[in-house]
Each structure stands twice: as structure tokens, then as C-alpha cells.
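>
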């Protein structure tokens, strides 16, 4: 492979990555593109058009030369590789480019971009009754998938395991070495018969429920490629991540995962006698910490609503603060509370409600996802309205490993992976 061709391919990849970064930054900051960003994106797209043409021209020249060699030597074997089938983007620069191609192909007498058929054998024009559509290229599905699962929120904390099934059997053993059931060890005198024990396994079915993002794009939006690319990638992944994370915490298990706040494993610490409404005091924090399973302390984190920041900043034991800001507020908000990191989240309840401050060990939650993200696009269902539909679906399930708090070997205060403070 000559150097010029390599440089063109690398430049194309770099430009696509740069354009993606522009939209990701705008999406993360919930804003439109600036004039400078729009100008840069236009320049990138113009250069990509030229590069794609030059690369295709070079590949065509090489194929012609191989064919010429084959004619000169009739006994030679010629292999022609369809590079389009190896391209995970199917030749599209981004979701906006793909959407505009679908829009054109879906209109009566419209031009059908050959890239819609060239991504892979499975990327054909599907017909199911009156609904027709095109599969989104693999790389663009992966972009949404990575944005969804690589975040530093609840969904990222629980580390879902993959599955190819819509239901998973979870074998759980909730026994303890000091309890009445499960595997036991015992002392014995010489010649005394051993008493057997066995694992106390319980089988539970964890269903994987379908979660979707169904997006409608008007002709006006389709013509504004930068806004469309941002909405279809960043915003779709944000919506999926939010709903999945919310279910991990508050889901009731009916058509969605069972969240820890609705599970029998939750430990609720009582408020202090005479404690004022809408407050969090140092003793609340200390008692919550004491109810976490000791094995999970090294993994544990606090999940808090930002409404409680004033409470944390003024909290002390004696004259010593128990909350410390990260690097002298340089990396605020968040901080450290009783040695464990604090994550501010909109998933936590407002100050004074049960769940405004949560101490969690993410390893105590079992999460499972099915394969990858399924994505498709169609214009036919909304043709009369000038609207194109995009659908992203995947299956996800989960529940806490425990069905009830663990009784301690000594004492009466139960412990769990999930501890909250009662309403005040």
C-alpha cells in the first residue's frame, strides 16, 4: 500500500473523529454549535468529499491494474476485495449524512445512494408490511452504545454483563458463614463423624426488558446536518442512559429492572430524635456508614442530590469536618465523605426525602444487557408529515443480589449493599 493512499485514509479518519468531537462537546454542554464550530464542520465535510473521491479513484486504479495483470497472465488468480463491506460506517461520515441519504432514497423517484446497500449484506432495504427502513451502519450504532455505557453514572457503575437471551437465571446464595444455612465449617474431635452442609442456592429469573429511544426528525432538521448528528448520537445516548440508570435505582420490576430503593435489600436508617426537617446531620452519615456491608466499603460511594451540598459543607464531628472538597474545590463538586467519594446526581431525591443521600456498593447489583444496540431508520410511516423516524432499542435487566438485609454475626443491626436515610 503506497504512502499517499495511507495518508488519505488516515486524514479521513482524523477528520471524522474531529467532527465527532465538535458535536460531542456541544451535546455535553447542551448548546448549539458556535459559528466557528459550524465553519470548521463545513470545512471538514468539504475536505471529506474530496478525500472520498480521491480514495475511490485510487482504489479503482488499483483494481484496474490487477485486472490488467490477470489478462497478461491467464493462469493467475485475482481476488477483488469489496472494501465497502469492511467499512463499519458504510461510507457515511456521520448520522446526518446517513439520514439525508435515507431521506432521498425514501421519496418516490428519489435517488438511492449506493452506500445504503454497500455497508454489509444485512444492510438491505427491509419491508415489513407498510413499514420500510434501512439499518444504521455498525459504527454509528457503536457510537451510541459507547456513549451510553461509558459514562460515569449509575449505568456505568453496575457494569452490566452481556447475554444473548431475553431472560437469565441468577443463582444466588445469601447465606453467611455464621447463619443457619449454607456452607459451614466446624471443629471435631478425633474419630467423631462430620456433619455435612450444602450451598443454599436460590434460582431467580432476571428478565431483560426492552428500552428504546424513538426519534422523529423533520425535513427542516434533516437539512441542518450538525444539529441532527448531535441529536441522534449524543442526545439519544443521554436519554437511554438516564432511563436505565433511573430504573436501577427506583425501578419497580414491572416491565423494567428492580431498583435498589424498591427492593427488600434496602436498609433505611432512622433520623435522629428531634432532627429538623430537610436536614442531614453528622450522626445520620455515621449510622449509614455503619450499616454498609464491610466487604463493600472499598467499592462504596455516596449518591447525593445537589440540594444537600450546604448540609455536607457545614457538617462536623466535634470541630473536624467529615466532608472534604476535592483538591481544595479545584475539582468540585463531589468531594469525600467519610473516606468515600460523593457523586452528585439528579437520580437522588431532593433534600428531606428518602433517598436524598444514598450509600451504595455497586457490586451488590446484578445487571445484564442483551447483545448490542439495535438501530434502524424509516421515513415511510411519517411520509405525509415530512418526518423521518429513528429507533434505537436494546434489552436490559437487573436487580440487587440480596432479597433482604444481612443479619450480623453479633449485634442486631442488619447490613446491606444499599443504605439510605429515612424522610425528614
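In UniProt numbering, the protein residues as written are 1 to 424. Don't be surprised by glycine CBs; every beta carbon is placed ideally from N, CA and C. Keep in mind it's a predicted model, so treat the numbers as computed, not measured.
(1) Report the rounded CA-to-CA distance for residue 198 versus residue 295, giving the unit in angstroms.
(2) So, is residue 214 buried or exposed, given that buried needs 16 or more other C-beta atoms within 10 angstroms?
(3) By the three-class DSSP mapping on this structure, what secondary structure does residue 397 have?
(4) Could you give the C-beta distance for residue 361 and residue 292, rounded to a whole number, given that I count them as a contact under 8 Å?
(5) Name the one or two DSSP bridge partners that residue 196 has.
(6) Residues bridged to residue 23 by DSSP?
(7) To the nearest angstrom, how far is the alpha carbon of residue 49 from that of residue 246?
(8) Is it the case that the stretch 193 to 212 contacts the stretch 393 to 405, given that we only count it when at least three CB pairs across the two stretches are under 8 Å?
(9) Would you call the stretch 180 to 199 and the stretch 269 to 281 in contact, with 3 or more CB pairs under 8 Å?
(10) Ordered along the chain, which non-local residues of its own chain (more than five positions away) have a Cβ less than 7 Å from that of residue 277?
(11) On the criterion of 16 or more Cβ atoms from any shown chain inside 10 Å, does residue 313 qualify as buried, or is it exposed?
(12) For the beta strand (DSSP E) containing residue 302, name the first residue and the last one.
(13) Where does residue 175 land, buried or exposed, given buried means 16+ other C-beta within 10 angstroms?
(14) I want to know whether the stretch 253 to 269 touches the stretch 397 to 408 - three or more CB-CB distances under 8 Å.
(15) Between 193, 153, 357 and 195, which lies nearest to residue 281 when the distance is taken from Cα to Cα?
(16) Whole angstroms are fine: how far does the CA of residue 43 sit from the CA of residue 63?
(17) Are residue 164 and residue 370 touching if we call contact CB-CB under 8 Å?
Put simply:
(1) Along the chain shown, one-based indexing puts residue 198 at 198. Along the chain shown, one-based indexing puts residue 295 at 295. In a straight line, the C-alpha of residue 198 is about 23 Å away from that of residue 295.
(2) Here residue 214 is taken as the residue at index 214 of the chain shown, counted from 1. It counts as exposed.
(3) As a position in the chain shown, residue 397 is number 397, starting the count at 1. Strand at residue 397.
(4) Your numbering for residue 361 matches position 361 in the chain shown. Your numbering for residue 292 matches position 292 in the chain shown. Contact flag correct, Cβ pair sits at about 7 Å.
(5) Here residue 196 corresponds to residue number 196 of the chain shown, with the count starting at 1. Answer by DSSP bridge pairing: none, since residue 196 is not bridged.
(6) Taking the first residue of the chain shown as position 1, residue 23 is located at position 23. Partner(s): none; residue 23 has no beta bridge.
(7) If you number the chain shown from 1, residue 49 lands on position 49. If you number the chain shown from 1, residue 246 lands on position 246. Going from the Cα of residue 49 to the Cα of residue 246 covers about 42 Å.
(8) yes
(9) no
(10) The count along the chain shown starts at 1 and reaches residue 277 at position 277. Once the five neighbours on either side are set aside, the close Cβ partners of residue 277 are 352 and 424.
(11) Position 313 of the chain shown holds residue 313. Residue 313 comes out exposed.
(12) For this step, residue 302 is matched to residue 302 along the chain shown. 301 to 304 is the extent of the beta strand (DSSP E) around residue 302.
(13) Translated into positions along the chain shown, residue 175 becomes position 175. When all chains shown are included, residue 175 counts as buried.
(14) yes
(15) Here residue 281 refers to the residue found at position 281 when the chain shown is read from its first residue. With distances taken between Cα atoms, residue 281 lies closest to 357.
(16) As a first step, residue 63 must be located in the chain shown, where it is residue number 63. As a first step, residue 43 must be located in the chain shown, where it is residue number 43. Rounded to whole angstroms, residue 63 to residue 43 spans 30 Å at the Cα level.
(17) Here residue 164 refers to the residue found at position 164 of the chain shown. Here residue 370 refers to the residue found at position 370 of the chain shown. Yes, the pair counts as a contact, with Cβ atoms nearer than the cut-off.
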